[in-house]
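For reference, the structure discussed in these notes is given below.
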Amino acid sequence: MNYTLSQVKTEIIDEIAASLKKSIEKELFQLDEIPEILLETPREKQFGDFSTNIAMQLPKLTKKSPRYIAEAIVENYDKSKTHVEKIDIAGPGFINFTLKEDWIYGILEDVKNTGSDYGKTEYGRGRKVNVEFISANPTGPMHMGNARGGAIGDGMAQVLSWAGFEVVKEFYINDAGNQIEKFGQSLEARYLQINGVAVEFPEDGYKGEDITIHMNEFTEAHGNKYVNFDSRERREVLIAYALEKNIKKIEEDLKGYGIEYDVWFRESELHKSNAVLEIVEELKERGHTYEKDGATWFKATEFGCEKDDVLIRNNDIPTYFAADIAYHVNKFRTRGFDWGINVWGADHHGHVARIKAALDALGLKGDNLDVILMQLVRLVRKGETARMSKRQGNMVTLSDLIDEVGKDAARFFFNLRSPESHFDFDLDLAVEESNENPVFYVQYAHARISSILRQVEEDLGKIDADFTLLKEKEEKELIRILAEFPFEIITSVEKMDPSRITRYAMDVASNFHSFYNACRVRNDDLKLMKARVELVSAVKVVLKNITEILGIKAPERM
RNA sequence: GCGCCUGUAGCUCAGUAGGAUAGAGCAACGGCCUUCUAAGCCGUGUGCCCGGGGUUCGAAUCCCUGCAGGCGCGCCA
């Protein structure tokens, strides 16, 4: 594809560098090497299209004043080699570049030619990225935190894929370990109670209604024959039954949320294949473990962690940590991912350093793993914070949420804020204001354009599109914002924050609505009409591409 | 006690690889529908950027320190 904006910027940067070299040759000042030159977009339009602060970076190295350096750069800058119309020096030494009027029209050609691919780049050069997100415990339904993690994780995966990475979306199923143990005890207690055996429900068991429903259905299907079974065997049967139901439900709920995974990875497989014990063995061989109190410990402190961690408990059962190491080794070593991104709740942040340490200890690069720590969602209802717990069974589930506010609004809402922002989800407000949700603002822009395009009956096919007719302020600003799309995607990758796209979507919609109120697409001047039809078509393409990334609908009508 | 995250307009938040006059949405107020969807547009104003020091030509942004809130510090996951 043709990166208009990128080309324009690169040209200018190259020419600044050339100008610096010339200045050095003319001995206007001395400089050993040309530093990195950054072009930024000034906030104020009066400062031109791009500016650089390079002249203010150099006084220390050259012993000359910023303005002196700026003047030298401007003097030796060859405008004919770039799209620059005008260069000014302003303030303490900023160099501001104003582009020739016509450069922006190339953007429209670009969008028109690339269509549903507009925004895609080769930035990632095909590197393999694994994005693991949600990975909710399969002991019950998903909650609001999972909903946020889903929106962030899926958005991240999309953005990576658009930026030219090869992406695998993955759900890690914790179908082993202590939680499953408790899950089994809870199921068993309910089963026995339902079948007339008076047993106490475990204190820290799962008290949710879903457990009871599972066991009622199970009893209907299989009767009470497991009452007389050995407890261990009985639990196995009940767990297997309820777990599959839960996983199935999770998969279905996520589908309804617009998320489909490439890989569902089961923790239990790592135990079955002996991968967990093998990895502990390898750590032992590499000398990164020791025995204490009958347990096997990983020397995490050797890698800068605050404390060591247990790999194998004194009852010979490996910890979740050991399994997680094996899991990540599987990602990087077995499956060869270049990069791993995990979306975790902030309550897991203590786990980040030690998993990276373990990877380092195994000769892999812990730095190849990035964890997006999202702050937890606090549910506010009737002005009060609602405490939620899967075990207490008092949570608002993902499917409740979708029922109440809709998939699009939920996806959009959870990607409106950066992952690290603490997030109060006011349920009353979300329901009440669902019609004023910003998602409609974006979708409305798309529907409006669709409507216009439906109404264009004139035969414009023979008219050549002359974009230079688009001279209004609103038209030019609208075009400029379209140019930012590929860069916004790349920045989202760099900052690991897909919520940038949501905010960009609002920007595009806002610029479109302003244009809409200032300029008529359908008008008597057919040539102008043709140009505007092409313009709004380009906006429609970008909006559509954005909604693909965000996992929401782009309605033709509203 | 120690570690991580957060603290910006009345509210929810952008801006934090140092840059020019700190922004947006919501809320409030006033305008705009005989013309392509008013779920829209235009206008009006608000800030001890949590406090205090420091680094710098320049700090919301970096460093130190204090305060407030969230989370973590298990042979739970």
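Just so it is clear: in the first sequence, position 284 is 284 by our numbering, and no numbers are missing.
All residues carry an ideal CB built from backbone N, CA and C; glycine is no exception.
Exercise. When the Cα atoms are used, what is the spatial distance from phenylalanine 265 to asparagine 330?
Worked result: Counting from one through the first sequence, the residue named residue 265 turns up at place 265. Counting from one through the first sequence, the residue named residue 330 turns up at place 330. Distance between the alpha carbons of phenylalanine 265 and asparagine 330 is about 11 Å.
Exercise. Going along the chain, which residues of its own chain have a beta-carbon closer than 6 Å to the beta-carbon of histidine 422, five neighbours each way excluded?
Worked result: Here residue 422 refers to the residue found at position 422 of the first sequence. Taken in chain order, the residues that qualify are Gln375.
Problem set entry | Own chain, CB closer than 8 Å to glutamate 484, minus 5 neighbours either side, in chain order | Working through the first sequence from its first residue, we reach residue 484 at position 484. Here the set comprises Leu5 and Tyr504.
For this session: Buried or exposed for arginine 234, please, with buried defined as at least 16 other CB atoms from any protein chain shown within 10 angstroms of its CB.
Result: Position 234 of the first sequence holds residue 234. Buried is the call here.
Problem set entry | Spatial neighbours of leucine 243 in its chain, beta-carbon cut-off 7 Å, leaving aside the 5 residues before and after | Numbered from its first residue, the first sequence carries residue 243 at position 243. Around leucine 243: Pro138 and Asp175.
For this session: May I have the straight-line CA-CA distance separating glutamate 281 from alanine 275, to the nearest angstrom?
Result: Numbered from 1 along the first sequence, position 281 holds the residue referred to as residue 281. Numbered from 1 along the first sequence, position 275 holds the residue referred to as residue 275. Straight-line Cα distance between these residues: approximately 10 Å.
For this session: With DSSP as the reference, please indicate the residues paired to alanine 295 in a beta bridge.
Result: Along the first sequence, one-based indexing puts residue 295 at 295. Lys292.
Exercise. Which partner residues of leucine 373 appear in the DSSP bridge assignment?
Worked result: Translated into positions along the first sequence, residue 373 becomes position 373. Answer by DSSP bridge pairing, in chain order: Trp344.
For this session: Consult DSSP for phenylalanine 133 and reduce its assignment to one of helix, strand or coil.
Result: For the purposes of this step, residue 133 is identified with residue 133 of the first sequence, where counting begins at 1. Correct three-state label for phenylalanine 133: coil.
Exercise. Sorted by chain position, which residues of the same chain lie with C-beta nearer than 7 Å to lysine 64's C-beta, five sequence neighbours on each side aside?
Worked result: Taking the first sequence and counting its residues from 1, the one referred to as residue 64 is at position 64. Excluding sequence neighbours, lysine 64 sits near Phe29.
For this session: Rank Ala361, Lys356, Phe332 and Leu373 by C-alpha distance to the C-alpha of aspartate 367 and give the top, closest one.
Result: The residue given as residue 367 occupies position 367 in the first sequence. Checked all of Ala361, Lys356, Phe332 and Leu373; the closest Cα to aspartate 367 is Lys356.
Exercise. Considering valine 167, what are the terminal residues of the beta strand (DSSP E) in which it resides?
Worked result: Your numbering for residue 167 matches position 167 in the first sequence. That run of the beta strand (DSSP E) goes 166-173.
Exercise. Given a threshold of 16 other Cβ atoms within 10 Å of its Cβ, counted over all protein chains shown, does isoleucine 546 qualify as buried or as exposed?
Worked result: In the first sequence, residue 546 corresponds to position 546, counting from 1. So isoleucine 546 ends up on the buried side.
Exercise. Does the beta-carbon of proline 66 have 16 or more other beta-carbons within 10 angstroms, so that it is buried, or is it exposed?
Worked result: In the first sequence, counting from the first residue as 1, residue 66 sits at position 66. It counts as buried.
Exercise. Below 9 Å between beta carbons: does that hold for glutamate 15 and tyrosine 77?
Worked result: By 1-based counting over the first sequence, the position of residue 15 is 15. By 1-based counting over the first sequence, the position of residue 77 is 77. Yes, the Cβ-Cβ distance between glutamate 15 and tyrosine 77 is below 9 Å.
Problem set entry | Alpha carbon of threonine 10 to alpha carbon of alanine 70, nearest angstrom | Within the first sequence, residue 10 is the residue found at index 10, counting from 1. Within the first sequence, residue 70 is the residue found at index 70, counting from 1. For threonine 10 and alanine 70, the distance between alpha carbons rounds to 19 Å.
For this session: Please classify glutamate 302: is it buried, with 16 or more other beta-carbons within 10 angstroms of its beta-carbon, or exposed?
Result: For the purposes of this step, residue 302 is taken as the residue at position 302 of the first sequence. Flag for glutamate 302 reads exposed.
Exercise. Under a Cβ-count criterion, where at least 16 other Cβ atoms within 10 Å of its own Cβ denotes burial, should glutamate 562 be classed as buried or exposed?
Worked result: Lying outside 1 to 558, the shown extent of the chain, residue 562 is not represented and no answer is given.
For this session: Let me know if asparagine 2 comes out buried or exposed under the rule of 16 or more other beta-carbons within 10 Å of its beta-carbon.
Result: Here residue 2 is taken as the residue at index 2 of the first sequence, counted from 1. Here asparagine 2 scores only 46 on pLDDT, less than 50, and its place in the model is too uncertain to base an answer on.
Exercise. Which first and last residues belong to the alpha helix (DSSP H) in which alanine 554 is found?
Worked result: One-based indexing of the first sequence puts residue 554 at position 554. Run containing alanine 554: none; DSSP gives neither H nor E here.
Problem set entry | Pair within 9 Å by beta-carbon distance, arginine 480 and isoleucine 107 | Translated into the one-based positions of the first sequence, residue 480 becomes position 480. Translated into the one-based positions of the first sequence, residue 107 becomes position 107. Yes, the pair counts as a contact, with Cβ atoms nearer than the cut-off.
Problem set entry | For threonine 98 and proline 486, the rounded distance between their alpha carbons | Taking the first sequence and counting its residues from 1, the one referred to as residue 486 is at position 486. Taking the first sequence and counting its residues from 1, the one referred to as residue 98 is at position 98. If I take the Cα positions, the gap works out to 22 Å.
Exercise. How many Å lie between glutamate 109 and valine 542 at the Cα?
Worked result: In the first sequence, counting from the first residue as 1, residue 109 sits at position 109. In the first sequence, counting from the first residue as 1, residue 542 sits at position 542. Cα to Cα, glutamate 109 sits roughly 13 Å from valine 542.
For this session: Round the Cβ separation of alanine 55 and isoleucine 34 to the nearest angstrom and send it over; I've been treating them as touching at under 8 Å.
Result: For the purposes of this step, residue 55 is taken as the residue at position 55 of the first sequence. For the purposes of this step, residue 34 is taken as the residue at position 34 of the first sequence. Not confirmed; about 13 Å, so no contact.
Exercise. Got a sec, what are the start and stop residues for the beta strand (DSSP E) isoleucine 87 sits in?
Worked result: Position 87 of the first sequence, counting from 1, holds the residue named residue 87. Isoleucine 87 -> beta strand (DSSP E) spans 84-90.
Exercise. Between the C-alpha atoms of lysine 553 and glutamine 443, what's the straight-line distance to the nearest angstrom?
Worked result: The residue given as residue 553 occupies position 553 in the first sequence. The residue given as residue 443 occupies position 443 in the first sequence. Approximately 8 Å between the Cα atoms of the pair.
Problem set entry | Span of the beta strand (DSSP E) around valine 521 | Residue numbering aside, residue 521 sits at position 521 when the first sequence is read from its first letter. Per DSSP, valine 521 belongs to no beta strand (DSSP E) and is neither H nor E.
Exercise. When we look at the beta-carbon of isoleucine 213 and count the other beta-carbons within 10 Å, is it buried (16 or more) or exposed?
Worked result: Within the first sequence, numbered from 1, the residue matching residue 213 stands at position 213. Exposed, because fewer than 16 other Cβ atoms sit within 10 Å of the Cβ of isoleucine 213.
Problem set entry | Residue closest to glutamate 269, alpha-carbon to alpha-carbon, out of Asn315, Ala326 and His83 | Within the first sequence, the letter at position 269 stands for residue 269. Closest by alpha carbon: Ala326.
Exercise. In terms of DSSP beta bridges, what is arginine 266 paired with?
Worked result: Position 266 of the first sequence, counting from 1, holds the residue named residue 266. Ile173, per the DSSP bridge assignment.
Problem set entry | DSSP beta-bridge partners of isoleucine 312 | Position 312 of the first sequence holds residue 312. In DSSP, isoleucine 312 forms a bridge with Thr296 and Pro318.
Exercise. Taking buried to mean at least 16 other C-beta atoms within 10 Å of its own C-beta, is arginine 232 buried or exposed?
Worked result: Taking the first residue of the first sequence as position 1, residue 232 is located at position 232. Its Cβ having fewer than 16 others within 10 Å, arginine 232 is exposed.
For this session: Taking only the alpha-carbon atoms, compute the straight-line gap between glutamate 477 and leucine 38 and give it to the nearest angstrom.
Result: Start at 1 with the first residue of the first sequence, and residue 477 comes out as number 477. Start at 1 with the first residue of the first sequence, and residue 38 comes out as number 38. In a straight line, the C-alpha of glutamate 477 is about 23 Å away from that of leucine 38.
Exercise. By Cβ distance, which residues of its chain are closer than 6 Å to serine 161, with the 5 residues on each side in sequence left out?
Worked result: The residue labelled residue 161 in the question sits at position 161 within the first sequence. Within the same chain, serine 161 has close Cβ partners Val167.
For this session: Starting from leucine 453, follow the alpha helix (DSSP H) in both directions and report where the run begins and ends.
Result: To locate residue 453, count along the first sequence from 1; it is residue 453. Its alpha helix (DSSP H) spans residues 438-455.
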